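Asker: Mind having a look at this structure? Questions to follow.
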Amino acid sequence: MLKNRLALVTGSTSGIGLAIARALAAEGADIILNGFGKDEDIERERARIAAEFKVDVRYDGADLMDVDAIERMFARIADSGRQVDILVNNAGIQHTANVEDFPRERWDAIIALNLSAVFHTARCALPAMKRANWGRIVNIASAHGKVASVQKSAYVAAKHAVVGLTKVIALETARTGVTCNAICPGWVLTGLVQKQIDARAEREGISEEQARIDLLSEKQPSIEFVTTEQIGAMAVYLCSPGADQIRGAAFSIDGGWTAQ
Ligand code: NAD
11 MLKNRLALVT GSTSGIGLAI ARALAAEGAD IILNGFGKDE DIERERARIA AEFKVDVRYD
71 GADLMDVDAI ERMFARIADS GRQVDILVNN AGIQHTANVE DFPRERWDAI IALNLSAVFH
131 TARCALPAMK RANWGRIVNI ASAHGKVASV QKSAYVAAKH AVVGLTKVIA LETARTGVTC
191 NAICPGWVLT GLVQKQIDAR AEREGISEEQ ARIDLLSEKQ PSIEFVTTEQ IGAMAVYLCS
251 PGADQIRGAA FSIDGGWTAQ
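The sequence shown: position 116 = 126 (the working numbering), numbered continuously.
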């Protein structure tokens with residue numbers, strides 16, 4: 011379905027981004043992986059996706075907190091004679107603390123990566139998408155794009171803003187073949203969440219298993235994690251012709267979190 015399309019998935023060296031990259035590759039899309047990690051781990055994943063799905067897979071290590079680095083990444087893509095047809099804005103970080111204790115550099119970093127980078131990649135990708143009259147922008151927001159939790163001021167602010175930015179891009183592209191939507195996952199067991207489970211276990215003096223159950227019970231009625239593959243499947247759907255008229259939507263995939 012996505013043969014000859016080029017997908018840039020930000021933050022795809024692990025977790026949700028890697029699963030989305032794999033899901034798009036399974037549909038025939040060529041992939042640009044992005045994110046941090048050990049060189050040998052990234053190369054192993056790159057080679058594995060290329061071999062398994064017979065698509066072109068490259069890696070670009072641009073630091074998305076650096077606007078110039080984002081622009082240089084898009085210049086490299088253009089120099090290679092390609093354009094980004096599918097942009098998945100997935101890279102994100104978290105920090106938890108009450109507002110009065112929130113370190114200002116953590117606020118700036120979360121806003122830079124979880125929000126501003128989404129604007130800058132879209133800004134760089136849209137001209138070519140509009141010229142081709144086809145494109146997909148899929149922003150990985152969060153249940154925290156719709157509702158709040160304590161101690162997550164920067165994250166909740168950024169994710170709500172991403173949902174708003176998604177709507178603006180969708181309106182500005184409404185008469186074109188370019189669509190922009192957001193996916194709002196609940197708890198997914200990735201490195202980002204494991205850190206919160208470990209912190210909880212330590213803080214409350216409970217086992218990791220108990221911390222995991224408590225974390226889910228608090229927010230996610232299914233008491234099951236969303237899987238990265240389920241988010242990959244949603245991203246593929248949003249790239250399909252069936253989703254041509256889905257514009258500016260924010261899809262919950264959260265075990266019932268935001269139904270409450
Ligand atoms: P993760 O930590 O496994 O992945 C984050 C990715 O972002 C990694 O590839 C990392 O290398 C990359 N990254 C970090 N800083 C970067 C930078 N400056 N430039 C480029 N890449 C950078 O986390 P995840 O859980 O897979 O999260 C992916 C996205 O999903 C995030 O936007 C997160 O907010 C969102 N999300 C996660 C959950 C969850 O429960 N895990 C729930 C809702 C939303």
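Cβ coordinates follow ideal geometry from the N, Cα and C atoms, glycine included. Everything numeric in this text was worked out from a predicted model, so none of it was measured.
1) Between which two residues does the alpha helix (DSSP H) holding A245 run?
2) For F235, which option in I216, L248 and G265 has the closest C-alpha, if you only look at C-alpha atoms?
3) Nearest-angstrom Cα distance between M75 and A119?
4) Suppose only complete runs of 3+ residues qualify. What are the beta strand (DSSP E) ranges in the segment 96-131, listed by chain order?
5) Is V172 helix, strand or coil when you go by DSSP?
6) How about the segment 172-184 and the segment 110-118: do they share at least three Cβ pairs that are nearer than 8 Å?
7) K13: buried (16+ other C-beta within 10 angstroms of its C-beta) or exposed?
8) Taking the continuous alpha helix (DSSP H) assigned at L225, which residues delimit it?
9) Would you check if the distance between the CB atom of G201 and the CB atom of S24 is smaller than 9 Å?
10) I think V203 touches I150, with their Cβ atoms under 8 Å apart; what is that distance to the nearest whole Å?
11) Whose CA, out of G145, M11 and Q206, lies closest to the CA of I256?
12) Count the C-beta pairs between the segment 123-135 and the segment 41-51 that are closer than 8 Å, then say yes if the count reaches three, no if not.
13) Following the continuous beta strand (DSSP E) through A192, name the residue where it begins and the one where it ends.
14) State the DSSP-derived secondary structure class of K162, mapped to helix, strand or coil.
15) If you draw a straight line from the C-alpha of A36 to the C-alpha of G27, how long is it?
16) How long is the line joining the alpha carbons of I80 and A88, rounded to whole angstroms?
17) The beta strand (DSSP E) spanning D70 covers which residue range?
18) Opposite N44 in the DSSP bridges: which residues?
19) Cβ of V166 versus every heavy atom of the ligand NAD: is any distance shorter than 8 Å?
20) Report the rounded CA-to-CA distance for I41 versus V19, giving the unit in angstroms.
21) Per DSSP, what kind of secondary structure is F261 in: helix, strand or coil?
22) What separation, rounded to the nearest whole angstrom, lies between the Cα atoms of S159 and C190?
23) Kindly indicate the opening and closing residues of the beta strand (DSSP E) around R146.
24) A61 by DSSP, collapsed to three states: which one?
25) In whole angstroms, what is the alpha-carbon distance linking L123 and V198?
26) Can you tell me the Cβ-Cβ gap for Q206 and P231, rounded? I've got them flagged as a contact below 8 Å.
27) Spatial neighbours of K169 within its chain, please: C-beta separation below 6 Å, excluding the five flanking residues on both sides.
Answerer: In brief:
1) T238 to L248
2) G265
3) 7 Å
4) 96-99
5) helix
6) no
7) exposed
8) E218 to K229
9) yes
10) No, V203 and I150 are not in contact; Cβ-Cβ is about 14 Å, not under 8 Å.
11) G145
12) no
13) V188 to P195
14) strand
15) 14 Å
16) 13 Å
17) V67 to D70
18) D70
19) no
20) 7 Å
21) strand
22) 26 Å
23) G145 to I150
24) helix
25) 19 Å
26) About 19 Å separates the two Cβ atoms, so there is no contact after all.
27) A151, S152, H154 and G155
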